[in-house]
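> This is the structure I want to talk about, given as structure tokens.
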Amino acid sequence: MWRFASISIAPRWRSSPQRASPSSPLRPPPRVPLEEGAMIINPASYGINRRGSPAARDLMSNGFAIIRGAAPPSLLGRINVDLDSRYAATPFCEGGFYGARTKRFGRLLIRSPHMADLVMNRAILELAEIALGNWCERIQLNLAQAIELHPGALAQFPHRDQDMWQGALGEVEYLVNVMWPLTSFTAENGGTIIWPRSHGLEALVEEPREAPIIAEAEPGDAIVFLGSTLHGAGANHSKAVRRGIIVSYCLGWLKPYENQWLAYPPHIARSFPREISELVGYVQHRPNLGNFEGQCPSVLFDADPEDARAAVDALRPDQAAMLAQHVASQQAVASGTRS
Numbered sequence: 000m001w002r003f004a005s006i007s008i009a010p011r012w013r014s015s016p017q018r019a020s021p022s023s024p025l026r027p028p029p030r031v032p033l034e035e036g037a038m039i040i041n042p043a044s045y046g047i048n049r050r051g052s053p054a055a056r057d058l059m060s061n062g063f064a065i066i067r068g069a070a071p072p073s074l075l076g077r078i079n080v081d082l083d084s085r086y087a088a089t090p091f092c093e094g095g096f097y098g099a100r101t102k103r104f105g106r107l108l109i110r111s112p113h114m115a116d117l118v119m120n121r122a123i124l125e126l127a128e129i130a131l132g133n134w135c136e137r138i139q140l141n142l143a144q145a146i147e148l149h150p151g152a153l154a155q156f157p158h159r160d161q162d163m164w165q166g167a168l169g170e171v172e173y174l175v176n177v178m179w180p181l182t183s184f185t186a187e188n189g190g191t192i193i194w195p196r197s198h199g200l201e202a203l204v205e206e207p208r209e210a211p212i213i214a215e216a217e218p219g220d221a222i223v224f225l226g227s228t229l230h231g232a233g234a235n236h237s238k239a240v241r242r243g244i245i246v247s248y249c250l251g252w253l254k255p256y257e258n259q260w261l262a263y264p265p266h267i268a269r270s271f272p273r274e275i276s277e278l279v280g281y282v283q284h285r286p287n288l289g290n291f292e293g294q295c296p297s298v299l300f301d302a303d304p305e306d307a308r309a310a311v312d313a314l315r316p317d318q319a320a321m322l323a324q325h326v327a328s329q330q331a332v333a334s335g336t337r338s
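Counted from 1, the sequence shown has number 242 at position 243 by numbering that gives the first Met the number 0; the numbering is strictly sequential.
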């Protein structure tokens with residue numbers, strides 16, 4: 000599933016700072032209203048200026064970007080405290096990929112009341128929608144996972160997360176990953192290793208053309224990289240744990256890494272803000288994908304799943320127009336026959 004690449008650690012490296020807008024870092028981006036109050040991603044609405052932001056250029060050109068100050072460090076501090084007990088209770092992973100000296104757990108939206116602010120970070124969502132918007136109508140939450148790398152942890156196998164789906168390589172971007180440090184990320188404690196410009200068509204190349212860098216970062220910084228970018232956790236040679244949160248977004252028609260409907264069943268998701276419940280899958284991806292009994296799965300928030308209900312079309316505007324023409328032409332023929 001993964002293409003092997005040998006790890007040779009480059010000198011410590013930091014990108015030129017990319018600062019998130021301080022005015023409104025946590026508000027979701029503007030969306031386009033649709034029939035029945037639905038909302039979809041509209042990448043074109045971001046315009047040339049947003050597409051041409053330094054962070055967006057870095058992400059699409061280099062396969063990654065490090066945004067300094069993408070979220071308040073205090074927010075990451077509160078989340079870290081909220082997750083303390085779960086970190087303590089979680090056993091070490093099993094298997095060479097996850098790491099025998101690493102702890103991982105998900106369902107973060109119910110483990111900290113502050114996670115919603117991180118998942119809905121406006122600057123990050125804009126990057127995800129720019130990177131993925133050409134291939135889907137809406138994005139979805141792929142994963143929200145806490146990671147704790149303990150002293151002695153080995154470097155992770157270099158991999159590309161897009162290989163989960165075995166789709167066409169070099170043609171489509173399937174997901175965007177965001178690593179949020181809860182502690183400092185350094186070369187010594189296993190900071191994320193990234194191979195610059197190993198994304199897109201370079202995923203077809205067996206060995207990366209460039210040496211890797213270590214994405215050193217602090218709480219509040221965001222390490223953003225594409226699903227086609229070769230990466231992996233470094234080895235923890237320090238005497239302290241390295242904590243971080245990975246939040247990733249993928250195309251709305253893919254099966255996500257974390258089964259969101261099991262992580263957040265209807266009786267839990269019904270309490271989420273609408274933007275969050277839609278992001279975890281309680282909305283259809285037109286046409287008609289992800290429905291429950293032919294309707295938006297959000298009907299389960301207020302209705303008995305055993306209720307009988309009519310299936311309702313959920314189509315894109317172009318499909319609705321084509322269908323209307325198809326129906327009208329047949330109605331015209333039928334009307335002429337009756338007359």
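Beta carbons: idealized from backbone N, C-alpha and C, even for Gly.
In the DSSP assignment, the alpha helix (DSSP H) including W260 goes from what residue to what residue?
As a first step, residue 260 is located in the sequence shown; it is residue number 261 there, counting from the start. 259-262 is the span of the alpha helix (DSSP H), which, as asked, contains W260.
> Specify the secondary structure class of N133 as computed by DSSP and reduced to three states.
The sequence position of residue 133 within the sequence shown is 134, counting from 1. In this structure, N133 counts as helix in the three-state DSSP scheme.
> So, V175 versus Y248, is the Cβ gap smaller than 8 Å?
Taking the first residue of the sequence shown as 1, we reach residue 175 at position 176. Taking the first residue of the sequence shown as 1, we reach residue 248 at position 249. Yes, Cβ-Cβ distance for V175 and Y248 is below 8 Å.
> Determine whether the beta carbon atoms of W179 and L75 lie at a separation below 8 Å.
As a position in the sequence shown, residue 179 is number 180, starting the count at 1. As a position in the sequence shown, residue 75 is number 76, starting the count at 1. Yes. Within cutoff.
> Taking C-beta to C-beta, are R241 and N235 nearer than 8 Å?
The sequence position of residue 241 within the sequence shown is 242, counting from 1. The sequence position of residue 235 within the sequence shown is 236, counting from 1. In contact: R241 and N235 (Cβ atoms closer than 8 Å).
> Could you tell me if S84 is buried or exposed, where buried requires 16 or more neighbouring beta carbons within 10 angstroms of its beta carbon?
As a first step, residue 84 must be located in the sequence shown, where it is residue number 85. Under this definition S84 is an exposed residue.
> So the candidates are P195, A214, P316, E205; which of them puts its Cα closest to the Cα of S183?
Position 184 of the sequence shown holds residue 183. Cα-wise, what sits closest to S183 is A214.
> Do you know offhand how far F156's Cα is from G189's?
Mapped onto the sequence shown, residue 156 falls at position 157. Mapped onto the sequence shown, residue 189 falls at position 190. Roughly 13 Å between the two C-alpha positions.
> Restricting to Cα atoms, I'd like to know which of M163, A327, R269, P195 is closest to D301.
In the sequence shown, the residue the question calls residue 301 occupies position 302. Among M163, A327, R269, P195, the Cα nearest to that of D301 belongs to R269.
> List, from N- to C-terminal side, the alpha helix (DSSP H) runs of 4 residues or more that fit wholly inside the segment 39-118.
If we require 4 residues or more, the alpha helix (DSSP H) runs fully inside the segment 39-118 come out as 46-50, 53-61, 72-88, 114-118.
> Could you tell me if Q139 is buried or exposed, where buried requires 16 or more neighbouring beta carbons within 10 angstroms of its beta carbon?
Along the sequence shown, one-based indexing puts residue 139 at 140. When all chains shown are included, Q139 counts as buried.
> Note the first and the last residue of the continuous alpha helix (DSSP H) segment covering L278.
For this step, residue 278 is matched to residue 279 along the sequence shown. Residues 273-278.
> Specify the secondary structure class of V332 as computed by DSSP and reduced to three states.
Within the sequence shown, numbered from 1, the residue matching residue 332 stands at position 333. Three-state DSSP puts V332 in a helix.
> In this structure, what does DSSP give as the bridge partners for D220?
Looking up residue 220 in the sequence shown gives position 221. D220 pairs with P218.
> Pairing CB atoms from the segment 158-176 with CB atoms from the segment 217-226, are three or more of them under 8 Å?
These segments touch.
> What's the gap between the Cα of E277 and the Cα of E257?
On the sequence shown, residue 277 is found 278 positions in, with the first residue counted as 1. On the sequence shown, residue 257 is found 258 positions in, with the first residue counted as 1. One C-alpha to the other measures close to 15 Å.
> From which residue to which residue does the alpha helix (DSSP H) around A145 run?
Residue 145 sits at position 146 when you count from the first residue of the sequence shown. That residue, A145, is in no alpha helix (DSSP H); its beta strand (DSSP E) goes 138-148.
> My assumption, with CB atoms under 8 Å, is that I146 sits in contact with T101. Please give the rounded CB distance.
Within the sequence shown, numbered from 1, the residue matching residue 146 stands at position 147. Within the sequence shown, numbered from 1, the residue matching residue 101 stands at position 102. That pair is a contact at about 7 Å.
> Sort out for me which residues DSSP pairs H236 with in a bridge.
Within the sequence shown, residue 236 is the residue found at index 237, counting from 1. Answer is none; H236 lacks a bridge partner.
> How long is the line joining the alpha carbons of G289 and Q283, rounded to whole angstroms?
As a first step, residue 289 must be located in the sequence shown, where it is residue number 290. As a first step, residue 283 must be located in the sequence shown, where it is residue number 284. Their Cα atoms are separated by approximately 5 Å.
> If you follow the beta strand (DSSP E) that P180 is in, where does it begin and where does it stop?
For the purposes of this step, residue 180 is identified with residue 181 of the sequence shown, where counting begins at 1. Start and end: 174-180.
> My understanding is that A221 touches I78, with C-beta atoms under 8 Å, so please give their C-beta distance in whole angstroms.
Start at 1 with the first residue of the sequence shown, and residue 221 comes out as number 222. Start at 1 with the first residue of the sequence shown, and residue 78 comes out as number 79. Their Cβ separation, rounded to whole angstroms, is 13 Å, which puts A221 and I78 out of contact at 8 Å.
> Alpha carbon to alpha carbon, how far is T185 from R285?
Mapped onto the sequence shown, residue 185 falls at position 186. Mapped onto the sequence shown, residue 285 falls at position 286. Their backbone Cα atoms lie some 43 Å apart in a straight line.
> Taking E133 as the reference, give the member of S60, G251, L82, G151 with the closest Cα.
For this step, residue 133 is matched to residue 134 along the sequence shown. It should be noted that the sequence gives Asn, not Glu, for residue 133. The candidate whose alpha carbon is nearest that of N133 is G251.
> Going along the chain, which residues of its own chain have a beta-carbon closer than 6 Å to the beta-carbon of G98, five neighbours each way excluded?
Numbered from its first residue, the sequence shown carries residue 98 at position 99. Result list for G98: C92, A152, in chain order.
> How many whole angstroms separate the CB atoms of A154 and A232, which I take to be in contact at a CB cut-off of 8 Å?
Within the sequence shown, the letter at position 155 stands for residue 154. Within the sequence shown, the letter at position 233 stands for residue 232. About 7 Å; that satisfies the 8 Å criterion.
> What separation, rounded to the nearest whole angstrom, lies between the Cα atoms of A307 and W260?
To locate residue 307, count along the sequence shown from 1; it is residue 308. To locate residue 260, count along the sequence shown from 1; it is residue 261. Taking the straight line joining both Cα atoms gives about 21 Å.
> Does DSSP put Q294 in a helix, a strand or coil?
Sequence index remark: in the sequence shown, residue 294 carries index 295 (1-based). Three-state DSSP puts Q294 in a strand.
> Per DSSP, what kind of secondary structure is V282 in: helix, strand or coil?
To locate residue 282, count along the sequence shown from 1; it is residue 283. Coil at V282, not helix or strand.
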